[in-house]
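Novice: Each residue of the first sequence is one higher than the one before, counting from 232 in this note's numbering. Idealized CB from N, CA, C, for every residue including glycine. I'd like to ask you about the structure that follows.
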Amino acid sequence: MPELPEVETIANGLNKRMAGDRIDSVWLGSKPEPLKSSAEEISSALEGAQVQRVRRVGKHIVFDLESGKNPGGGQWIVHLGMTGQMLVAAPETELPKHTHLVAKMASGRELRFVDPRRFGRLEVRQSSFSGPGSEPLQIGLEEFSRLFHRSKAPIKAALLNQKLLHGVGNIYADEALFRAHIRPRRRANTLTSAELRKLHAALQKVLQAAIAAGGSSISDYVDADGEAGYFQIQHRAYGREGKPCVKCKTPIKKIVVAGRGTHYCPECQK
DNA sequence: ATACCGACCTGTCAGC
DNA sequence: TGCTGACAGGTCGGTA
232 MPELPEVETI ANGLNKRMAG DRIDSVWLGS KPEPLKSSAE EISSALEGAQ
282 VQRVRRVGKH IVFDLESGKN PGGGQWIVHL GMTGQMLVAA PETELPKHTH
332 LVAKMASGRE LRFVDPRRFG RLEVRQSSFS GPGSEPLQIG LEEFSRLFHR
382 SKAPIKAALL NQKLLHGVGN IYADEALFRA HIRPRRRANT LTSAELRKLH
432 AALQKVLQAA IAAGGSSISD YVDADGEAGY FQIQHRAYGR EGKPCVKCKT
482 PIKKIVVAGR GTHYCPECQK
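This is the structure:
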């Protein structure tokens, strides 16, 4: 589900509501839980911890924690996979199906991790988490160009590779390539410096615009308050198969690249 | 080393 | 109405 703009929206919402609050107790579902750390490690790291701050790194939500048990803090890392949600809710509201974790807060609210497909991952750690790659919103043009210069993969696949840039997913890869007039199947190392410049600018612009719109809600994405985003109405390629290109009216094509549905304009993108 | 492809899960929707 | 198959915002590990 969530890519950089959605995770950013969720993390900001959580930060607003949770910063300074304390986790009193943690309930974990008994199914094969979507955990990277063990259930005991998670409970023991979270219970009694105060949330200093919640922020986004790549597609991960990072809770900076402070507690007597873990002096100097520790971090709770959440990856939402395709369908994960982090919801702040009043305890009396109905617990959604597929709730895998509930943290009862000192304020009386509950933080709930809900994930039908269970692709999401929870992890606690002591060392500081920096993510697998570079931040798309911070990277400069030179470093950006260097990342893609060596890769023979299709540029779409390279954009999805979290070890290069982290945070870009299927929607924003298609949208950035559309806005930069580049075909998704172009080998990354065949892009000219002018094209790399356009892609760098297009990617940052589309991510910023999506954050401003609260992310894209295709089916089940909601922020920490359960509110949908509305950037999907500004999509120009993703999900527009057969519809006229907003620029030249040519029908948008859908193909498979890197195993993912990929949308582009055969006229505008070269 | 690099790059494709199925597997991991559940839900939904189109087509028969 | 109900079944089947394809597909979905992500990542990982195996294989070529």
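Leaving out five residues before and five after Cys-499 in sequence, what residues of the same chain have Cβ atoms less than 7 angstroms from its Cβ?
Specialist: Closer than 7 angstroms at the Cβ level, and outside the excluded window around Cys-499, lie His-412, Cys-476, Lys-478, Cys-479.
Novice: Considering Cα atoms alone, identify which of Arg-471, His-291, Ser-274 is closest to Gly-315.
Specialist: That would be His-291, whose Cα lies nearest to the Cα of Gly-315.
Novice: Is the beta carbon of Ser-447 less than 8 angstroms from the beta carbon of Gly-460?
Specialist: Yes.
Novice: Any idea what DSSP makes of Gln-316, helix, strand or coil?
Specialist: It is a strand residue.
Novice: Tell me the DSSP bridge mates of Glu-472?
Specialist: According to DSSP, which records beta bridges pairwise, Glu-472 is partnered with Ile-483.
Novice: If you check the beta carbons only, do Gly-351 and His-397 fall under 8 angstroms apart?
Specialist: Cβ atoms of Gly-351 and His-397: not closer than 8 angstroms.
Novice: Which residue marks the beginning of the beta strand (DSSP E) containing Gly-244, and which one marks its end?
Specialist: Counting along the chain, Gly-244 falls outside any beta strand (DSSP E), though it belongs to the alpha helix (DSSP H) covering 235-249.
Novice: Going by beta carbon distance, what residues of the same chain come within less than 6 angstroms of Pro-322, once the five residues before and after it are set aside?
Specialist: Result list for Pro-322: Glu-341, in chain order.
Novice: What number of angstroms, rounded off, separates the C-alpha of Arg-377 from the C-alpha of Pro-363?
Specialist: Each residue's alpha carbon lies about 17 angstroms from the other.
Novice: Gly-470: which of Ala-425, Glu-406, Glu-426, Lys-436 sits nearest, CA to CA?
Specialist: If we check each option's Cα against that of Gly-470, Glu-406 comes out closest.
Novice: Which residue marks the beginning of the alpha helix (DSSP H) containing Phe-375, and which one marks its end?
Specialist: It spans 372-380 - the alpha helix (DSSP H) in which Phe-375 sits, taken as one unbroken run.
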